[in-house]
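Line by line, the protein sequences are chains A and B. Using the numbering used here, read the first sequence as starting at -9 and increasing by one per residue. Using the numbering used here, read the second sequence as starting at 178 and increasing by one per residue. The beta carbon of each residue, even a glycine, is placed where N, CA and C say it ideally should be. Everything numeric in this text was worked out from a predicted model, so none of it was measured. Worksheet: the structure to be examined is printed underneath.
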Amino acid sequence: MRILLIEDDSDAAGFLSRGLREAGHVVDLAQDGAQGAEFAHANDYDVLLIDRMLPLRDGLSIVEERREAGDTTPILILSALGQVDDRVKGLRAGGDDYLAKPYAFSELLARVEALGRRQKPIQAETAYTVGDLELDRLSHSVSRAGQPIPLQPREFRLLEYLMQHAGQVVTRTMLLENVWDYHFDPQTNVIDVHVSRLRSKIDKDFDRPLLHTVRGAGYVIRDDAR
Amino acid sequence: MSFVTTLGRLLRTTAVKLTLVYVAVFTALLVGLIVYIFTMTDDLLDRQLRETIDAEIRGLSDQYRVRGLTGLVNSVERRSVAPGASLYLITDFAGNRIAGNIDSLTQSLIANPDGEARPVYYVRLGPSGEEEARPRPALVRVFVLPGGFRLLVGRDLEERTEFRAIIAQAAQWSLLVAIVFGLLSFLVVSSRVLRRIDAIAATGSKIVDGDFTRRLPITGTGDEFDRLSDSLNTMLDRITELHAGLRRVSDNIAHDLKTPLTRLRMQAEAALRQATSEEALRDALQATIEESEALIRTFDALLMIARSEAGSATVALAPVDIAQIARDVAEMYEPVAEEAEVTLSVEVPDTVMVEANRELVGQALANLIDNAIKHGARDAEEGPKVSVILTDSQVAAELSVADNGPGIAPADRSRVTDRFVRLEASRSTPGSGLGLSLVEAIANVHRGRFELGDAEPGLKATLVFPHDPKHLAQDRS
């Protein structure tokens, strides 16, 4: 993916762009708001990473400008302002996702990759398949190796989200935000418990596990055999 | 010197400015009144004089008609000597004096009798015919008798002049007295006012210097100054409260963050010193990251608490269905409860709308359920249970989380809401350790309350969301 990173803190910018490049992405770096807006205007990116507080120009104004210009490139806003309302403001300005500093790089990478995929034309997929695991969105049914697996509604949505992002790391916060639609800190490992419940239903009786834990990051559903 | 500065300060005060305006207005009114009375009285006197003169002329001309010149002269001579008499003069057509008590008149007056009384100066003749030294003012009228004789009748104006002088003097004195007393009384009042203001200012500057225990003096009379001082004192109380809150928060932040920071540092140092393999280093780094995440979490919670306590938390509240939040969060914790062998039950109506922030209410409820599962129900004597109960009334919606554990003794409940105590207690268990104080902060942000009660047995933690009558009214309209 081609990513534009607008971040004025050179340490953070260096760290982020190195990490993103290691993950196989192409990164353009702008160190202030004016330059960032220029880059975003001049080039075509898959994802824009915009820091909220920038020299010369406010990050949110760049987001608004892109949206007014009809640019639908996914935007992830990075901010030190982590209050509930700050997030709402960021999303209202046209951001697709909001990440409060300090964040884990794995969280950022997972979100960037999820956003980048969103950019591709979303086919009206009615079913997802990973290995021999199948999920039918219309009939709300899940089966593995032809064997139906009954799931609770929440487990179904959890699996649906994981399979939608098959092969991509999905963090706990992403699950909380997208499956439960909440953004608070659940204190305990509630998400882990939900995932392990789901895992026991889809993986337990089969020799090849599909739902993997990525240490220090989150989860990924993928078929290792391929 | 000090008198001059005092005077100067006095002159700059609002009280003195007001005094001057009032005294000026008052004086103007008084002058107007005096002038009015003076003119009216003067006019009256003047009219009376003229009428008297006219009446005498009528009487004397009757005498002349009936008894001729001799009769007239007799009458005039008789009247002339009476005390306080009018002025009389009879002359022939050439102005030569025949009888009367004044010496002579200007030719012009005699020559031009016009029937109108007019003011003149004259010299009076004493009873024996001697002249007075000084000419006196008088109002006279000349009347032409049949046969060419002139009859002059007049009244001395000395009295009226004196009367005028008396009035003028009285007016001057009363004005002077009015102005002096006005100024004095207002100065007294304003200096009292000034003293009160000085007292307030002095206390104010002591407070500015850092003595926050000071309060403005209240005399107990309930006047404007007392009311002002009272509201300023209330403001000072609030500031002191916020100040103390801020200090507490910074103390707590220092305390709560230094400990994990020290731990973090020690972990890193230990890893540097002891780690022999890459795997060990990796583990140490992972532990460091986890520790730093916990730190960030603590920091966020502290910030939220601090902001809500300082009253500066700006969170947009909108109508949300907290029944849905209760079901969502309970469902979220269901597997955790099951793993801990706790029965989690939910008694929630279909919908309960309150003005709230969905995320914060979710956070608060998550903390309460988490707390109940970890600390409350764990120690239950039989079948650990946690219930999420939502009730709604006209006044408020109440969202409770109850467990059937040992609960907290009523005496300790207030202590539990104190951050330090709970922090000490919760150090041994995982989590940010700020769970309940964060819940309280969230309740404050919603202008609600956080209450700890008895679930008999167990602890019942309740978030109260009062229905604001204003919002209800808005919804209906």
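Cα-Cα separation, GLN543/B to LEU615/B: Against the second sequence, residue 543/B aligns to sequence position 366. Against the second sequence, residue 615/B aligns to sequence position 438. A small correction: the amino acid at residue 543/B is Ala; Gln does not occupy that position in the sequence shown. So the alpha carbons of these two residues sit roughly 11 Å apart.
Residues, ordered as in the chain, of the segment 491 to 519 of chain B that lie near chain A by beta-carbon distance below 7 Å: THR491, VAL492, ALA493, ASP505, GLU508, MET509, TYR510, PRO512, VAL513 and GLU516
Min CB distance ASP213/A to chain B below 8 Å: The residue labelled residue 213/A in the question sits at position 223 within the first sequence. No, ASP213/A does not count as interfacial toward chain B.
Of the residues GLY387/B, LYS435/B, GLU633/B and LEU537/B, the one placed nearest HIS420/B, counting alpha carbons only: Position 243 of the second sequence holds residue 420/B. Residue GLY387/B is the option with its Cα nearest to HIS420/B.
Residues in the segment 16 to 50 of chain A having any Cβ partner in chain B nearer than 7 Å: none
Endpoints, beta strand (DSSP E) assigned at GLN137/A: If you number the first sequence from 1, residue 137/A lands on position 147. It spans 137 to 139 - the beta strand (DSSP E) in which GLN137/A sits, taken as one unbroken run.
Euclidean distance between Cα positions of SER605/B and ILE416/B: Residue mapping note: residue 605/B aligns to position 428 of the second sequence, counting from 1. Residue mapping note: residue 416/B aligns to position 239 of the second sequence, counting from 1. Reliability fails at SER605/B, whose pLDDT of 42 lies under 50, so the model's placement of it is uncertain and no value is given.
contact_flag[the segment 51 to 60 of chain A, the segment 11 to 18 of chain A] where n(CB pairs < 8 Å) is 3 or more: no
Contact with chain B by VAL159/A, beta-carbon distance below 8 Å: Within the first sequence, the letter at position 169 stands for residue 159/A. With 8 Å as the cut-off, VAL159/A does not count as an interface residue toward chain B.
Neighbour list for ARG415/B in chain A, Cβ cutoff strictly below 8 Å: Here residue 415/B corresponds to residue number 238 of the second sequence, with the count starting at 1. Within 8 Å Cβ-Cβ: nothing; ARG415/B doesn't reach chain A, min ~23 Å.
Inter-residue spacing [alpha-carbon to alpha-carbon] between ALA448/B and GLU418/B: Within the second sequence, residue 448/B is the residue found at index 271, counting from 1. Within the second sequence, residue 418/B is the residue found at index 241, counting from 1. Taking the straight line joining both Cα atoms gives about 45 Å.
For PRO496/B, the three-state DSSP class (helix, strand or coil): Position 319 of the second sequence, counted from the first residue, corresponds to residue 496/B. Here PRO496/B sits in strand by DSSP.
Sufficient close CB pairs (3 or more, under 8 Å) joining the segment 504 to 518 of chain B to the segment 474 to 485 of chain B: no
LEU371/B, DSSP secondary structure in three states: Against the second sequence, residue 371/B aligns to sequence position 194. Helix, per DSSP.
Those residues which DSSP pairs with ALA83/A across a bridge: By one-based count along the first sequence, residue 83/A stands at place 93. Bridge partners of ALA83/A: none, in fact.
Beta-carbon spacing of LEU393/B, SER382/B below 8 Å: Here residue 393/B is taken as the residue at index 216 of the second sequence, counted from 1. Here residue 382/B is taken as the residue at index 205 of the second sequence, counted from 1. No. Outside cutoff.
Assigned secondary structure, VAL212/B (DSSP; H/G/I helix, E/B strand, else coil): The residue you call residue 212/B lines up with position 35 of the second sequence. Helix, per DSSP.
Residues within the segment 183 to 211 of chain A neighbouring chain C, beta-carbon criterion of under 7 Å: The structure shown contains no chain C; the protein chains it does contain are A and B.
When GLN571/B, ARG442/B and ASN621/B are compared against VAL538/B, the one with the closest alpha-carbon: Here residue 538/B refers to the residue found at position 361 when the second sequence is read from its first residue. Closest by alpha carbon: ASN621/B.
Runs of beta strand (DSSP E) wholly within the segment 131 to 204 of chain A (minimum 3 residues, chain order): 131 to 134, 137 to 139 and 201 to 204
Collapsed DSSP secondary structure at SER605/B in the structure displayed: For the purposes of this step, residue 605/B is identified with residue 428 of the second sequence, where counting begins at 1. At SER605/B, the pLDDT of 42 sits below 50, so the modelled position is not reliable and the matter cannot be decided from this model.
Rounded C-alpha distance that separates TYR207/A from VAL160/A: Mapped onto the first sequence, residue 207/A falls at position 217. Mapped onto the first sequence, residue 160/A falls at position 170. Note that residue 207/A is Ala in the sequence shown, not Tyr. About 8 Å.
Cutoff 8 Å: ALA543/B Cβ touching any chain A Cβ: Here residue 543/B refers to the residue found at position 366 of the second sequence. Cβ-Cβ to chain A under 8 Å: yes for ALA543/B.
Boundaries (first-last residue) of the alpha helix (DSSP H) holding ALA3/A: Here residue 3/A refers to the residue found at position 13 of the first sequence. Segment 0 to 12, the alpha helix (DSSP H) holding ALA3/A.
Opening and closing residue of the alpha helix (DSSP H) in which SER614/B lies: Residue 614/B sits at position 437 when you count from the first residue of the second sequence. First-last of the alpha helix (DSSP H) with SER614/B: 612 to 622.
Residue span of the beta strand (DSSP E) that contains VAL16/A, given as start and end: Reading the first sequence from its first residue, position 26 is the one you call residue 16/A. Per DSSP, VAL16/A belongs to the beta strand (DSSP E) from 16 to 20.
Segment contact, 8 Å Cβ cut-off, at least three pairs: the segment 624 to 644 of chain B with the segment 557 to 574 of chain B: yes
Outcome for ALA602/B when other beta-carbon atoms lying within 10 angstroms are tallied against a minimum of 16: On the second sequence, residue 602/B is found 425 positions in, with the first residue counted as 1. Confidence at ALA602/B is low in this model, with a pLDDT of 45, below 50, so the placement of that residue should be treated as unreliable; the coordinate-derived value is given next. Exposed: under 16 other Cβ atoms inside 10 Å.
Three-state class that DSSP yields for GLU124/A in the structure shown: Indexing the first sequence from 1 puts residue 124/A at position 134. It is a strand residue.
Pair within 8 Å by beta-carbon distance, ASP22/A and LEU44/A: Residue 22/A sits at position 32 when you count from the first residue of the first sequence. Residue 44/A sits at position 54 when you count from the first residue of the first sequence. Their beta carbons are under 8 Å apart, which means ASP22/A touches LEU44/A by this criterion.
Closer than 8 Å to chain B by CB, THR178/A: Locating residue 178/A in the first sequence gives position 188, counting from the first residue. THR178/A counts as touching chain B.
Length of the line joining the Cα atoms of ARG295/B and VAL317/B: Indexing the second sequence from 1 puts residue 295/B at position 118. Indexing the second sequence from 1 puts residue 317/B at position 140. Distance between the alpha carbons of ARG295/B and VAL317/B is about 5 Å.
Any chain B beta carbon closer than 8 Å to PRO64/A: The sequence position of residue 64/A within the first sequence is 74, counting from 1. PRO64/A does not count as touching chain B.
Of the listed residues ASP175/A, LEU(-5)/A and ILE181/A, nearest to GLU470/B (C-alpha basis): As a working mapping, residue 470/B is identified with position 293 in the second sequence. Of the candidates ASP175/A, LEU(-5)/A and ILE181/A, the one whose C-alpha sits nearest the C-alpha of GLU470/B is ASP175/A.
The segment -3 to 13 of chain A: positions lying closer than 7 Å to chain B by Cβ: none
Close-in-space but distant-in-sequence residues of the same chain around ALA262/B (CB under 8 Å, 5 per side omitted): Position 85 of the second sequence, counted from the first residue, corresponds to residue 262/B. So the list reads ARG256 and ASN278, once near-sequence residues are dropped.
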